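To keep things clear, I will list the structure first and then write my remarks on it.
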Amino acid sequence: MHYFSFSDSSLHAEKVSLYKIAEQHGTPTFVYSANTIRDHYQSLDQALAPIDHEVAYAVKANSNIAVLSLLAKAGSSFDIVSGGELFRVVKAGGDPAKCTFAGVGKTREEIEYALELGIHAFNVESEAELIFINKVAGEVEKKAPVSIRINPNVDAKTHKYISTGKSENKFGIDFDLISGVFERAAQMEHIELKGLQMHIGSQLTTVQPFADAVTKVAPLAADLKAKYGIEFFSIGGGIGIIYDPALESGSKEWWDAHNEDDRPLTAAEYAETLIPILKPLGLKILLEPGRYIVGNAGVLLTRCLYEKKGTAKTFKIVDAGMNDLIRPALYEGYHEIVPVTQSGPVNTVKTDVVGPVCETGDFFCQDRELPDFREGDLIALMSAGAYGAVMGSTYNSRPLPTEILVDGEETTVIRKRQTYDDLLAQEI
Ligand code: LLP
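Under our numbering, the final residue of the sequence shown carries the number 789; numbering is consecutive throughout.
As structure tokens, this is what we get:
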């Protein structure tokens, strides 16, 4: 569900025409829908209402402070992975006491900063990190609240670069080793054991891997509650979204007859499957969704600069590049491509939509049948709200694009386009 739709032949974000946004603010530009973000947060929060829970938005998915502020106001907690993300949450008016700090490589500065601000818990990913946090906490005369991340060794059935819950992934502590780590943690003077955490991967489109992981780990969570009085069990993020609307349009019967793996996963199905396993634990359940909240709440607006017809291919060259949206290049990610203005039927043509960056991997689609848009036309790369702007770079010395938040009829520039001077600001 999202609030991008056509009105008067032009794609709108809520009540605002994307054509007008491009006229006023130029391209490439990310545009987000505030009400889509709010709705996604609320739908998940409500689906989990039968159990004691907290939705901790994964800041890495989209860390613009306007987005964080919106979620803080909605009541969200935050899953952070760096001191920089903690700084952003605080600047956005979020409460450090509602932040859990994950990541395999926390530095001394980050640990001290988080202790000083009083975060909810560190999600510890190795025994070496636990020993170090205990040491740093001792030095600053504090107790560090800690949950330990388990690697449950289940297959999330997602792209190999975003799978995190198998033993060969760098994340968490092996199922067979974790009890020993809890035992030793309980002896550490400056550690306070608060919880157990896991995250098996991202962009999961079926509930089964979640159910497998939670079923496997629930008895351990119960045991740790009995032994150490842990308060929460974080089951991570990972709920997938639909990038290709052709997959969304199928009815239940249609899906039953087609590929089960691509059926959209809803908050209701997620909650209905997991609540019966989780409720008997009597623990607070934390969720860490990123993509589910913001993925379909953003588009990347870009303009077609040139068309090039070769002997083998038709290329449409647009003014956004892989530096603005790297998902197709990095994960073979699919983003729907929609002309912003549509009046009447148009021919379609097999197209490669590519950016200006000097890399063969700089493409948004290859050999896709698309409306035959032309030079000067505007197009929207859909579902670019998560892992879009946050993964942007200035490669090829391309300034970072504008970001805009639409809320009903209101349009706010939430990050200004970089200038050439900005590009060089830190260089000497
Ligand atoms: N919790 C932990 C510990 C994580 O590592 C992640 C994502 C999340 C929560 C949020 O996952 P989500 O609900 O967004 O799936 N750049 C990639 C995705 C990387 C995900 C990294 N970790 C992409 O564009 O597909």
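Where is the CB? At the ideal position from N, CA and C, for every residue including glycine. Predicted, not measured: the structure shown is a model, and the values here were computed from it.
Under a three-way DSSP split, which group does residue i fall into?
i, result
"GLU553", "strand"
"HIS481", "coil"
"HIS334", "Lying outside 362 to 789, the shown extent of the chain, residue 334 is not represented and no answer is given."
"HIS401", "helix"
"SER508", "strand"
"TYR781", "helix"
"SER704", "coil"
"LEU372", "strand"
"THR675", "strand"
"ASP406", "helix"
"PHE543", "helix"
"GLY648", "In the sequence under discussion, the amino acid at residue 648 is Leu, which differs from the Gly named in the question. Note: LEU648 maps to strand in three-state DSSP."
"ALA395", "helix"
"VAL428", "helix"
"ILE789", "coil"
"ILE534", "strand"
"THR634", "helix"
"ALA419", "strand"
Which residue comes first and which comes last in the alpha helix (DSSP H) that contains residue i?
i, result
"LYS669", "Here LYS669 belongs to no alpha helix (DSSP H); instead the beta strand (DSSP E) covers 659-670."
"LYS496", "488-500"
"ILE800", "Shown here, the chain extends from 362 to 789; a query on residue 800 therefore has no answer."
"ALA574", "569-589"
"THR519", "No alpha helix (DSSP H) contains THR519, which DSSP labels as neither H nor E."
"PRO717", "Segment: none, PRO717 is in no alpha helix (DSSP H) and carries neither H nor E."
"LYS381", "379-386"
"TYR692", "688-692"
Who does residue i pair with in a DSSP beta bridge?
i, result
"GLY562", "SER524"
"ARG776", "GLU764"
"VAL699", "ALA741"
"PRO457", "Its beta-bridge partners do not exist; DSSP assigns none."
"THR712", "ARG729"
"HIS414", "ILE646"
"GLU771", "ASP768"
"PHE724", "VAL715"
"PHE734", "DSSP output for PHE734 lists no bridge partner at all."
Locate the beta strand (DSSP E) running through residue i, then write down its first and last residues.
i, result
"VAL451", "No beta strand (DSSP E) contains VAL451, which is instead part of the alpha helix (DSSP H) from 444-452."
"SER437", "Element bounds for SER437: n/a, residue is neither H nor E."
- [ ] Determine contact between the stretch 585-595 and the stretch 632-647, defined as no fewer than three beta-carbon pairs at a distance below 8 Å.
- [x] yes
- [ ] Mind the definition here: the stretch 452-469 touches the stretch 687-695 only if three or more C-beta pairs lie below 8 Å; say whether that holds.
- [x] no
Open item on the list: Under 8 Å, with one C-beta from each stretch per pair, do the stretch 632-641 and the stretch 660-672 reach the 3-pair mark?
Closed with: No contact exists between the stretch 632-641 and the stretch 660-672.
Task: Stretch-stretch touch, CB-based, cutoff 8 Å, three pairs: the stretch 728-739 with the stretch 754-769 - done: Cβ pair count under 8 Å is below three, so no.
TODO: Evaluate contact between the stretch 434-446 and the stretch 406-420, counting only Cβ atoms and requiring at least three cross-stretch pairs below 8 Å.
DONE: yes
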